[in-house]
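Chemist: In the working numbering, the protein residues as written are -10 to 321.
Can you keep this structure in mind? I'll have questions shortly.
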Amino acid sequence: APAGKVLLALIIGLGLAALLNAQSLQSAAESMHVGTTRSIAMALVKPVTTVSSLLRLDRPRAAIEDALGRGAREEAGVHTRTPEPQPTGSAGGGSGSDGTASPKPSVAPSAAIFTPTKDRKLALWVGGDSMAMTFGESLVAMADRTGVVETALDYHVSSGLSRPDFFNWPKRLKAEMKGFQPDVVVFASGANDGQDVQHEGKIYYYGTEEWNDLYRERVAVAMDIAGGEQGRPVWWVGMPIARDPAQSEIYRNFNRIYKEEAQRRPNVHYVDTYTMFGDANGNYSDYLTGISGKKELMRQGDGIHWSRAGSDLVAAEVMEQIAEFYEFPFKP
């Protein structure tokens, strides 16, 4: 019957589409929170990716994306810029402080400090999860306008430090530090980290001390890789207060860990955005005074991510601190 043929064609079409798009299906399953639903999704996707790979049906999509200059990086929400060739040498350290009005970071003994010029630009690398997307774009734009800063932006949506099985930030940071060789690192992450994780065959439940200890280890590793042996300055951007009080408590816990680990490292400077995005009473507010001096919408619809105005506010604070440290002029 015609209806049966249509149904059969539809099933075949959906099956072929799944085989051609197997890697995206696998990525979606991997990004799910640890638990029964994720296990079922992974079990369903695995044979699809296996067959797709054996039949080489994953090649056409990869070839098209490579031709477009996208590849897997575009799927992850990544935007990068390549620096101009720079003379060798790295900048020094910062201080672990607890706020946006903190003192100028101290200098690690092995660091080399210089005043950036058009001939010797400051190499600034910005990265993180989705929190680094709009904020990173704002920071890059402000840095570029100085004329003495060369930038690279590398954000990965849905990534974080709690799930290296989905996206391995330590591995990524090592590659970026080696490839870009930045003088300064700015890292903003944490939006997705409040979830149970699996490590060495054991599930660590969020809210337990075991989870906190494991997360602290991962934060420490990321900070040390970003700083490198020379102790380059790292600006670690904390999570802002959220519209949902429960989510805010999760971010307060993260920020406590970020701050404490930054204080243990003379080159890491913690930026407190939680306080920055509270109102006069310390509560969440969609509208705050922006860099324009006027009340502006600071958040996106989820009550977590920064709007463009919110991103500009954080970027201006971070850029002002970097400019003060390296002694070059900056205006938002």
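We put the beta carbon where it would ideally sit given N, CA and C, even for glycine.
#1: Is it buried or exposed for A312, if we count other Cβ within 10 angstroms and need 16 for buried?
#2: Report the residue ranges of all beta strand (DSSP E) runs contained in full by the stretch 193 to 221; include only those spanning at least 3 residues, in chain order.
#3: If you follow the beta strand (DSSP E) that L111 is in, where does it begin and where does it stop?
#4: Measure the C-alpha to C-alpha separation of P229 and D118 and round it to an integer number of angstroms.
#5: Can you check DSSP and say which residues form a bridge with G267?
#6: Since Q310 is in the alpha helix (DSSP H), which residue starts that stretch and which ends it?
#7: I'd like to check one pair, R161 with G125: are the Cβ atoms closer than 9 Å?
#8: Give the straight-line distance between the Cα atoms of R62 and F156, rounded to the nearest whole angstrom.
#9: Identify the continuous alpha helix (DSSP H) that holds L128 and give its terminal residues.
#10: Find out if the Cβ-Cβ distance for the pair N256, V210 is shorter than 9 Å.
#11: Identify, in the order they occur along the chain, each residue of the same chain with its Cβ nearer than 7 Å to the Cβ of V137, setting aside the five sequence neighbours on each side.
#12: Measure the CB-CB distance between G279 and L302 and report whether it falls below 9 Å.
#13: Go to A180, then tell me how far its alpha helix (DSSP H) extends in each direction, as first and last residue.
#14: Identify the continuous beta strand (DSSP E) that holds A141 and give its terminal residues.
#15: Using DSSP bridges, identify the partner residues of T278.
#16: Can you give me the Cβ contacts of M287 inside the same chain, cut-off strictly under 8 Å, excluding the 5 residues immediately before and after it?
#17: Determine whether the beta carbon atoms of Y195 and Q187 lie at a separation below 9 Å.
#18: Counting along the chain, where does the alpha helix (DSSP H) carrying Q236 start and finish?
#19: Taking only three categories from DSSP, how would you classify K167?
#20: Pick helix, strand or coil for K191, following the three-state DSSP scheme.
#21: Note the first and the last residue of the continuous beta strand (DSSP E) segment covering H258.
#22: Around the Cβ of A180, are there at least 16 other Cβ atoms within 10 angstroms (buried) or fewer (exposed)?
#23: In whole angstroms, what separates the C-alpha of R253 from that of I214?
#24: Could you give the C-beta distance for G220 and Y259, rounded to a whole number, given that I count them as a contact under 8 Å?
Modeler: With the structure as the only source:
#1: So A312 counts as buried.
#2: Fully contained in the stretch 193 to 221 is no beta strand (DSSP E) run of length 3 or more.
#3: L111 -> beta strand (DSSP E) spans L111 to G117.
#4: The alpha-carbon atoms of P229 and D118 are separated by roughly 14 Å.
#5: G267 is bridged to Y273.
#6: Annotation for Q310: the continuous alpha helix (DSSP H) segment containing it runs R297 to Y315.
#7: No, they are not a contact pair.
#8: Residue confidence for R62 is low, a pLDDT of 38 falling below 50, so the modelled location carries little weight and cannot support an answer.
#9: That run of the alpha helix (DSSP H) goes M120 to T135.
#10: No; because the gap between Cβ atoms is not below 9 Å, this pair is not in contact.
#11: Excluding five sequence positions before and after V137, the CB atoms of its chain that fall closer than 7 Å to its own CB belong to P105, T106, K107, K110, L111 and F317, given in chain order.
#12: Here G279 is near L302, since their CB atoms are less than 9 Å apart.
#13: Boundaries for A180: no alpha helix (DSSP H) harbours it, and the DSSP string shows neither H nor E there.
#14: V138 to Y144 is the extent of the beta strand (DSSP E) around A141.
#15: Beta-bridge pairing links T278 to K284.
#16: Excluding sequence neighbours, M287 sits near F266, S274, D275, Y276, L277, G279, W295, S296, A298, G299 and L302.
#17: No, these two residues do not count as a Cβ contact at 9 Å.
#18: Counting along the chain, the alpha helix (DSSP H) containing Q236 begins and ends at P234 to Q252.
#19: Residue state for K167 is assigned as helix, using DSSP reduced to three classes.
#20: Strand at K191.
#21: Following the DSSP letters along the chain, one finds H258 inside the beta strand (DSSP E) bounded by residues V257 to V260.
#22: A180 should be labelled buried.
#23: Each residue's Cα considered, the two are about 14 Å apart.
#24: Their Cβ separation, rounded to whole angstroms, is 16 Å, which puts G220 and Y259 out of contact at 8 Å.
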